[in-house]
Amino acid sequence: MLVPPEADAISDALRSLSVQSSVFCMSELHAPWGFTVESSTVAKFHLVLAGSCWLTLDDRAPVRLNAGDLVLLHAGDEHSLGDGTDPASISLDELLRSSPLLDDLTLRIDGPGPVTRLLCGGFVLGVELPGSSTSLLPRVLLVDAAALAISAWLEPVLLTLADEAEKRRPGTRVMQAKIAEVFIAEALRSWLIDAVSSGLLVEAELVDKPIAQALETIRQRFNEPWTLDRLAKHVGLSRTALATRFSQRVGDSPMRYLTRVRLSHAAGLLATTRLGHFEIARLTGYGTEAALAKAFRRERGETLGAHRAAARGTPQVDLLESAA
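The C-terminal position of the sequence shown is numbered 315 in our numbering, with every residue numbered one higher than the one before it.
Put into structure tokens, the structure is as follows:
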């Protein structure tokens, strides 16, 4: 039986996937607590080992994280974490000055409320992702443990991490970093599969700078009200030149590619968040829920509700893409 081209593309991408992580600290946080992590060039991750917390990014609504959830901040964007009651007005640097790490590099905040345990650190990709996929990688990925196929082996892995933290045996930091790499690799794998299967991963090497700029603009600013005229002016081409060259390089028209990017993000948000349809429409560039629903049904052949219900048991990655 012939193997579909998509399967080969996914295999090639996964073969070059290599992750290296470093654990900054294990956090044991009793409510009320909250802090802000300032932006930097270091890619960061937060893995929730126990309890729950809230992630806030930019001016968007907070996202609840539960045990087993993983957040990757590929570009090191500023963000806040908290139990939901604290305004998180203190920066992490200030918090560490007032509550230094313990000898075992644990950050502990005492309080009367429930405890949340986090494994926090940084990561780098040991090998660059293939083709243009590095530029496609969302600035923020949220892996919802409940929606992933990893849930079957998730609990024992979390127990192993907790056991390592409690017993503090020699090599604990190395073991924590290695286990974190497994979670990060799974998140990137799920995203790569989704990107290739949805057609967003353009594998051909782009040598046309204006078209590369158009692709990057669509991927990073997909929620803006783009027209062919506006996009052509943005990249310094005429309407005709942009449409022709884009189609030759990408295999699709600029506006149809924009639709695919928007709907791919909408599908990810439907699958792994509890955001309402109107909020998802706003985040993905559709003025109304009706406009999003119409486009989604036309392009994907299903309703928003049907996709959300069906996707809960399949590997999906939540794309909390910065629209900046």
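Just so you know, even glycine gets a beta-carbon here, dropped at the ideal spot from N, CA and C.
Distance between threonine 250 and asparagine 214 (C-alpha atoms, nearest Å)
10 Å
Looking at serine 89 and threonine 27, is the spacing between their C-beta atoms short of 8 Å?
With respect to the 8 Å criterion, threonine 27 and serine 89 are not classified as neighbours on the basis of their beta carbons.
Using C-beta distances below 8 Å, list every residue in its chain close to arginine 236, excluding the 5 sequence neighbours before and after it, in chain order.
Excluding sequence neighbours, arginine 236 sits near Asp199, Pro201, Ile202, Leu228.
Mind reading off the beta-carbon distance from glycine 113 to alanine 34? Whole number of angstroms is fine, and I expect it under 8 Å.
6 Å
On the DSSP bridge assignment, give the partners of lysine 35 in chain order.
Leu64, Gly113
Start and end of the beta strand (DSSP E) containing arginine 55?
Note, arginine 55: beta strand (DSSP E), 54 to 57.
Just grab the DSSP bridge partners of arginine 99 for me.
Glu19
What separation, rounded to the nearest whole angstrom, lies between the Cα atoms of aspartate 154 and leucine 38?
15 Å
Given this structure, state the Cα-to-Cα distance separating proline 147 from glycine 242, to the nearest angstrom.
45 Å
Hey, could you find the ends of the alpha helix (DSSP H) glycine 259 is sitting in?
245 to 263
Can the beta-carbon of alanine 178 be found closer than 8 Å to that of leucine 233?
8 Å or more divides the Cβ of alanine 178 from the Cβ of leucine 233.
Determine the direct distance from the alpha carbon of histidine 256 to that of threonine 275, and round the result to whole angstroms.
7 Å
The alpha helix (DSSP H) enclosing leucine 46, as first and last residue numbers
That residue, leucine 46, is in no alpha helix (DSSP H); its beta strand (DSSP E) goes 43 to 47.
Is the beta carbon of serine 43 sitting closer than 8 Å to the one on threonine 107?
Against a cut-off of 8 Å, the Cβ pair of threonine 107 and serine 43 comes out as a contact.
Using the Cα positions of tryptophan 217 and glycine 278, report the straight-line distance between them to the nearest angstrom.
12 Å
Counting C-beta neighbours from all protein chains within 10 Å, is the total for alanine 223 16 or more, i.e. buried, or is it exposed?
buried
Buried or exposed: where does alanine 281 fall if 16 or more other Cβ atoms within 10 Å of its Cβ makes it buried?
exposed
With respect to the alpha helix (DSSP H) encompassing serine 27, which residues constitute its N-terminal and C-terminal limits?
What sits at residue 27 in the sequence shown is threonine, not serine. First-last for threonine 27: 25 to 28, but that is the beta strand (DSSP E), not the alpha helix (DSSP H).
Thinking just about the alpha-carbon of each residue, which of Arg291, Ala66, Gln204, Asn57 is nearest to the one in leucine 48?
Ala66
Pick out whichever of Gln239, Leu64, Gly104, Ala262 has its Cα sitting closest to the Cα of glycine 75.
Gly104
Member of Cys16, Asp60, Ser30, Val14 whose CA lies at the smallest distance from the CA of threonine 263
That would be Asp60, whose Cα lies nearest to the Cα of threonine 263.
Mark alanine 272 as exposed unless 16 or more other C-beta atoms lie within 10 angstroms of its C-beta, in which case mark it buried.
buried
Just reading off the beta strand (DSSP E) that leucine 132 is part of, what are its end residues?
Looking at the DSSP string, the run of the beta strand (DSSP E) that includes leucine 132 is 131 to 134.
Is it the case that the Cβ atoms of leucine 109 and leucine 40 are separated by a distance below 8 Å?
yes
Given that a residue counts as buried once 16 or more other Cβ atoms are within 10 Å of its Cβ, and exposed if not, what is glycine 296?
Classification of glycine 296: exposed, given that the 10 Å Cβ count is below 16.
Using alpha carbons as the reference points, say which of Arg253, Ala301, Cys16 lies closest to alanine 286.
Arg253
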